Amino acid sequence: MTIQTNLTGLDLRAEIDRLRRERNAVILAHYYQKPEIQDIADFVGDSLDLSRKAQATDADVIAFCGVRFMAETAKILSPDKVVILPDMDAGCSLEDSCPPEQFAEFRAQHPDHIALTYINCSAAVKALSDVIVTSSSAETILAKIDPAQKIIFGPDRNLGGYLARKTGRDLLLWPGVCIVHEAFSETELLKLKAQYPTAPIAAHPECPAVILDHADYVGSTRGILEYAQAMAGDTLIVATEPHIIHQMEKAMPGKRFIGAPGADGNCNCNICPYMALNTMEKLYIALRDLEPRIEIEEGLRLNAKKSLDAMLSLASGTVGLGDLGPAKVTGD
């Protein structure tokens, strides 16, 4: 999305605050957003629980600074609220890897399987799924499903493979990956570990097995934050999108956090290009014009909501423990 308006000289933070009040809007920011967007948000966290936080407010407008499937999830849960995304091109490689038509055909080829689907997918794929899972709820949900039941897991083959190894379940994996987590280099990680031999490694389960095999902790973004707070040492190597380090440094200024490297030896190649499309300028425009706006046909929304409701029913005790960051007070 190209911004045509000249915003030179505009105090964007002040204008966003003004529009937030005038629109009765709540601003959500994923951990992978740029620091300035995280700092202006009402809530910072992971996708599902940001949507649930917004659902619980009396806001008329949800400005979701994340990617498209996250904003869709917010609209599925809050159909009466206006949901805007600063840049509609902010997609997701996992969502792109799983077109609904292909997923429907795959399901038809395996009629004896149910579909457990990672939340990083389109509303259309959610509507084709039986249960949606998050990185923190998936293991709990698997434990509640009959061991004899055959399961399709998609779209993330790395998360699915991690769950299969950890639980012993035989999962039929859809071959999708997150381009951010796939970019981590085992060779470069081992070089970094040699520089900091006492520093533990915390990794998101979207990473390939060769990265997870070196991790001292594997968990969701919130889980990684909690591990950072609880660890005894003062240095942590972080194998997930590096913008999460902003929240770590704010919460734990006395500790050092080092982004795990990609093939070029630094963590810059692991910045999510889709998350990076959102900017303060685009957030201002979106609040001003209430566009781009997320719209979902009602029949599709209801079908997608069934799989989200199934997750909340099966794993209500874990949702919010591993996927939600601390609430922010606007203006702090």
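The opening position of the sequence shown corresponds to residue 1 in this note's numbering, with each subsequent residue numbered one higher. Backbone N, C-alpha and C define an ideal beta-carbon position, used for all residues, glycine too. Quick caveat, the model's predicted, so the values are computed rather than measured.
Thinking C-alpha only, which one of the options is nearest residue i?
i: Y32; options: I285, Y196, V180, A286; result: V180
i: K305; options: G9, T117, I27, A164; result: T117
i: P99; options: A90, L173, S78, C121; result: C121
i: I84; options: A148, V125, L94, F69; result: F69
i: D234; options: I296, P200, I271, A56; result: P200
i: H246; options: H113, I271, A123; result: I271
i: I40; options: A29, L50, D46; result: A29
i: L277; options: G91, D80, I27, N6; result: G91
i: L156; options: K166, L94, E188; result: Reading off the sequence, residue 156 comes out as Asp, not Leu. Among K166, L94, E188, the Cα nearest to that of D156 is on L94.
i: P147; options: N24, L171, R13; result: L171
i: Y162; options: M280, E105, A215, A263; result: A215
i: P292; options: R52, D87, D130, M275; result: D87
i: A14; options: Y217, I132, Y284; result: Y284
i: K357; options: V67, K282, R18, S51; result: Look at the range of the chain in this structure, 1 to 332, and you will see that residue 357 is not part of it.
i: L159; options: L142, V177, A263, Q149; result: V177
i: S220; options: I27, V82, K126, S136; result: S136
i: Y196; options: G223, V125, A260; result: A260
According to DSSP, is residue i part of a helix, a strand, or is it coil?
i: L277; result: helix
i: G322; result: Its pLDDT being 40, under 50, G322 is placed unreliably in this model, and the value from its coordinates should be taken loosely. G322: coil per DSSP, three-state reduction.
i: V180; result: helix
i: L312; result: helix
i: G233; result: coil
i: Y31; result: coil
i: G331; result: For G331, the predicted model reports a pLDDT of 27, less than 50, meaning its position is unreliable and no value from the coordinates is stated.
i: I76; result: helix
i: T57; result: coil
i: L7; result: coil
i: V133; result: strand
i: V67; result: coil
i: A115; result: strand
i: G154; result: strand
i: I285; result: helix
i: H243; result: coil
i: I40; result: helix
i: I258; result: strand
i: L290; result: coil
i: I296; result: coil
i: I62; result: strand
i: G45; result: strand
Please classify residue i as buried or exposed, where buried requires at least 16 other C-beta atoms within 10 Å of its C-beta.
i: L77; result: buried
i: H243; result: buried
i: Q38; result: buried
i: S313; result: exposed
i: A54; result: buried
i: R169; result: buried
i: L212; result: buried
i: N6; result: exposed
i: A315; result: buried
i: E105; result: exposed
i: E206; result: buried
i: D80; result: exposed
i: T198; result: exposed
i: E298; result: exposed
i: D383; result: Since the displayed the chain opens at 1 and closes at 332, residue 383 lies outside it and no answer follows.
i: L324; result: Reliability fails at L324, whose pLDDT of 28 lies under 50, so the model's placement of it is uncertain and the value that follows must be treated cautiously. Flag for L324 reads buried.
i: R21; result: exposed
i: D264; result: exposed
i: I16; result: buried
Identify the continuous alpha helix (DSSP H) that holds residue i and give its terminal residues.
i: A16; result: Note that residue 16 is Ile in the sequence shown, not Ala. Per DSSP, I16 belongs to the alpha helix (DSSP H) from 12-23.
i: T187; result: 186-195
i: K126; result: 123-127
i: A108; result: 100-109
i: A164; result: 157-167
i: I201; result: Counting along the chain, I201 falls outside any alpha helix (DSSP H), though it belongs to the beta strand (DSSP E) covering 201-203.
i: D96; result: 93-96
i: A209; result: 209-212
i: E139; result: 138-143
For residue i, report the span of its beta strand (DSSP E) as first-last.
i: I84; result: 82-84
What is the C-beta distance between residue i and residue j, in whole angstroms, given that I count them as a contact (C-beta under 8 Å)?
i: H204; j: T240; result: 4 Å
i: D58; j: R23; result: About 13 Å separates the two Cβ atoms, so there is no contact after all.
i: H113; j: I151; result: 6 Å
i: S129; j: S307; result: 4 Å
i: C65; j: I27; result: 7 Å
i: S47; j: T73; result: 6 Å
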